[in-house]
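Plus 1 on top of the position in the sequence shown (first one is 1) and you've got the numbering used here.
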Amino acid sequence: MSSTPPRAPLMPAQRRRGLHIVRSIGVLLVLLAAATPAFAEESNPIERRSVAGIAETIDGRAEPAVLTRPARSRTPGDGSAQARLTGPARGRRIDGTMTTTYEAPTPLPVRQVIDAAVARWDDALDLSPTTPLEISVLWTDLGQRLLGQAGTEGEYRDSNQFPTDRWYPAALANQLANFDVNGADSPEVMIELNSELGDEWYIGTEGSPAFGQIDLFSVVLHEIAHGLGFLGSATATRTGQVRLDHSPPSIYDDFVLNSEGDRLVQLPRDVAIDELTSGSLKFDIGGGRSVPLSAPERFVNGSSYSHFDEGIPEDQPGAMMTPALGNGEIQRHLDAAVLGVLDQVGWDLDARLLTPTIEDVEVRSGQIELVWSEDWTQVAALPLSYDVTVGPLTSSGPVPDSVGRSVAGGHVGVVRFDELQNGTTYEVSVRPVGANVGRPATTTVLLPPNPNRVRDLAIDVDGDRALVWRTPVASGEPVSSYEIQHREGSQTEWRTETATSPRWTIDLEPGRYWFRVRGVNRIGGGVWAETGLIGIGSDAARPMPLDGQLARLYTAFFDRPADRPGLDYWREIRSGGGSLGAVAEAFADSEEFRTRYGGALSDSRFLELLYRNVLGRLPDRGGADYWMDVLDAGAARGQVVLAFSESSEFVRTSGTTAPQTSLDGAIERLHVLLLRRTPTAQDFTSLRPIAGSGDGPELALVSARLRRSPEFAALWDELDDADLIHQLGRSVGLDAKTLSDLHTRLADGESIDRLIVEITQAPAMILVTGTIP
């Protein structure tokens with residue numbers, strides 16, 4: 002399989018800064034105080050916790066310095082940068098939801114940049130038109146260390162109105178509760194910008210900063226993100242002690258992962274705190290995607306944890322939310338990585354779904370393998386999944402049906418379609434799926450004119466025991482011959498035969514075999530059609546454990562071989578979960594059994610006939626006495642016949658396939674499904690200890706063992722988990738709904754090996770392998 006790397010990989014890398022001074026974008030972090038009662042709407046109480054302090058550094062490498070937050074009194078002033086107003090100077094209200102409030106005199110060009118940043122965030126969020134979102138901006142002297150700092154007025158929780166019992170920032174709490182939880186006099190987001198930088202600011206929404214300037218627009222976009230909830234609960238004291246409040250955590254904390262993919266909120270507190278300086282934290286932005294977080298060896302307030310990692314290059318997605326902004330650097334893009342964080346914590350996005358990029362299409366006979374990627378630099382919401390469809394446009398033969406697959410979201414997707422028609426032009430579409438609207442990526446491919454798969458491959462059991470099939474549909478080139486291959490159950494090498502017509506007489510010793518057939522034309526070989534495991538025997542009963550059981554029952558109860566319709570019926574009953582005892586009870590209740598063994602027969606005469614018909618001999622005295630005692634104790638005659646049918650003596654004398662334990666049946670089905678051969682005696686010996694008692698989790702260990710084998714790797718090539726489940730499920734005839742359910746459970750995190758075990762328990766799998774359920 003060939004593939005192209007994702008367009009925008011998010012891997013930590015050294016960030017190049019040049020020789021310019023770098024100042025950091027600040028963040029107002031929550032230092033947690035005791036929860037205090039807050040607002041209530043009718044009978045729904047909402048708890049609140051407050052922001053106690055802030056800290057910041059130059060670029061994430063200097064010594065931390067605790068800062069005192071300027072007071073926000075609105076008192077008359079002298080018009081200087083430090084003056085306060087008698088009332089807030091309102092910015093423009095956007096769509097009736099976002100309001101910008103200026104707490105001090107602010108130059109008009111600065112206000113225009115701030116309003117533009119607010120408008121950009123408003124375009125990205127789907128806000129309630131009746132719920133306020135006030136952003137308070139203070140243009141003030143923050144010294145020479147800071148560009149700006151921001152945060153939330155407070156955090157709120159209400160398990161009745163909010164999706165979880167976590168703490169939510171004020172702006173998001175308003176949206177979730179659909180009313181102003183922190184009161185009309187309080188802003189939801191608070192931002193402070195350094196008025197003393199003067200000409201060091203680049204004040205504009207277009208163009209580029211000059212040498213030595215900082216882009217104000219980028220800073221404001223960054224700070225608003227923190228106020229909206231790009232903010233966790235980890236902080237450090239003056240002495241460097243790291244704290245993490247998970248009782249309960251902020252909603253942001255729920256999505257922080259360590260390098261193993263474990264959620265910090267689920268780890269012991271001391272372990273979680275160690276992870277904060279591990280250098281390997283990441284934020285789960287959904288669908289198995291993640292972005293590295295800032296987690297340097299020394300925890301730095303205002304830099305660690307509540308930012309993406311500084312190692313993200315400035316031209317890559319997520320760079321807007323790293324701790325530092327370089328002189329001349331522009332980060333004006335609310336890309337999919339940044340929006341992914343806001344989406345996870347609970348905001349509704351008003352951005353279209355990300356459009357995938359088709360990176361590679363590999364075409365083989367009857368097969369298309371498609372690789373696509375996600376470009377996270379797009380201003381877009383990340384899809385939950387993708388609907389991949391392959392639809393015919395033109396065809397050399399009958400126009401086939403469209404086929405489709407739902408694939409879980411991720412930064413790279415791979416899907417393979419194997420049941421396609423050669424000589425057909427297909428349109429391939431990858432459509433993003435989610436709460437928002439998105440555009441699909443499409444391409445067109447032509448499959449080669451090799452022969453298509455032969456149809457209706459089967460064994461003709463009513464004639465001379467031949468392999469038969471129907472000619473494939475037209476591919477644009479006629480079929481000149483057929484290639485037939487077969488191998489015994491546990492073997493791996495195929496023996497090859499040829500035929501010029503769609504029939505091949507089987508001249509093989511009784512046993513279990515695999516068969517496959519394909520057409521050949523001047524272009525080459527076509528697509529293989531496989532039979533699965535087939536038992537070739539001397540009568541209707543296949544040389545398989547399940548058939549052996551039923552054949553012995555027929556002889557024991559009716560003193561005759563099994564007829565084919567009856568055998569087919571009882572195979573279905575057993576493979577569907579019916580017990581051998583239930584089959585025996587049905588046989589014992591039949592008119593045929595009562596005629597042979599019932600009526601006026603005495604128990605001793607019944608036993609004599611049973612010994613003659615089943616074991617071909619007269620009863621020995623010890624055996625006769627034992628079974629007379631059993632009958633005298635009240636055992637039904639059908640139960641006695643069942644015991645005779647499964648006796649080692651009858652198994653030996655009947656020549657039927659020996660009994661099999663349910664454990665060995667489960668192991669054999671896993672082996673057949675994953676390695677396409679029956680297990681040898683050595684295979685059983687090595688796998689039984691792993692399978693233990695044969696329950697689901699233990700059988701899943703057997704599946705995992707087989708999937709790690711070189712034999713599995715050679716057979717299944719580079720299929721991902723979703724494609725593997727699809728191929729395995731189709732191979733045993735699972736319907737589309739069942740397959741879709743398996744894919745959904747896989748995407749939700751269920752173990753692939755547990756799903757594989759479930760596939761082997763399907764009646765069709767038990768039936769075709771003839772194993773004991």
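Every residue gets a Cβ at the ideal spot worked out from N, C-alpha and C, and that includes glycine.
Keep in mind that this is a model prediction, so the values were computed, not measured.
Backbone secondary structure at residue i - three-state DSSP
i	result
residue 764	helix
residue 355	coil
residue 392	strand
residue 145	coil
residue 653	helix
residue 522	strand
residue 100	strand
residue 25	For residue 25, the predicted structure reports a pLDDT of 33, less than 50, and the residue's modelled location is therefore unreliable. A value from the coordinates is still provided. Three-state result, residue 25: strand.
residue 326	strand
residue 308	coil
residue 543	coil
residue 436	coil
residue 474	coil
residue 631	helix
residue 334	coil
residue 122	helix
residue 756	helix
residue 487	strand
residue 717	helix
residue 57	Caution applies to residue 57, whose pLDDT of 39 falls short of 50 and renders its modelled position unreliable; the model cannot decide the point.
residue 379	coil
residue 516	strand
residue 233	coil
residue 47	strand
residue 81	Annotation note: pLDDT 32 at residue 81 (below 50); position unreliable, coordinate value reported separately. In the structure shown, residue 81 sits in coil (DSSP, three-state: anything other than H, G, I, E or B).
residue 299	coil
residue 780	Only positions 2 to 774 of the chain appear in the structure, and residue 780 is not among them; the question remains open.
Residue nearest to residue i in terms of C-alpha spacing, selected from the options
i	options	result
residue 729	283, 407, 674	674
residue 265	172, 296, 406	296
residue 222	657, 497, 199, 192	192
residue 471	513, 416, 530, 508	530
residue 124	334, 180, 435	334
residue 574	321, 294, 771	771
residue 434	356, 104, 514	356
residue 441	765, 474, 211, 359	359
residue 518	467, 209, 567, 551	467
residue 362	534, 712, 447	447
residue 256	224, 273, 614	273
Short Cβ contact (8 Å threshold) for residue i with residue j
i	j	result
residue 522	residue 479	yes
residue 476	residue 511	no
residue 233	residue 254	yes
residue 236	residue 302	yes
residue 469	residue 723	no
residue 48	residue 158	yes
residue 760	residue 733	yes
residue 680	residue 550	no
residue 226	residue 322	yes
residue 668	residue 703	yes
residue 312	residue 338	no
residue 194	residue 138	yes
Limits of the unbroken beta strand (DSSP E) element including residue i
i	result
residue 198	Per DSSP, residue 198 belongs to no beta strand (DSSP E) and is neither H nor E.
residue 537	530-537
residue 368	368-374
residue 284	283-287
residue 500	496-500
residue 293	290-293
residue 400	Note, residue 400: premise wrong, no beta strand (DSSP E); not H, not E.
Limits of the unbroken alpha helix (DSSP H) element including residue i
i	result
residue 559	546-559
residue 663	663-676
residue 571	565-576
residue 598	592-598
residue 745	737-748
residue 276	270-276
residue 256	Unbroken run through residue 256: none, as it is neither H nor E.
Residue i CB to nearest heavy atom of the ligand SAM below 7 Å
i	result
residue 584	As for the ligand SAM, it is missing from this structure, which has no ligand bound.
C-beta neighbour in chain C for residue i, strict 8 Å
i	result
residue 573	Among the chains in the structure shown there is no chain C, since it carries only a single protein chain.
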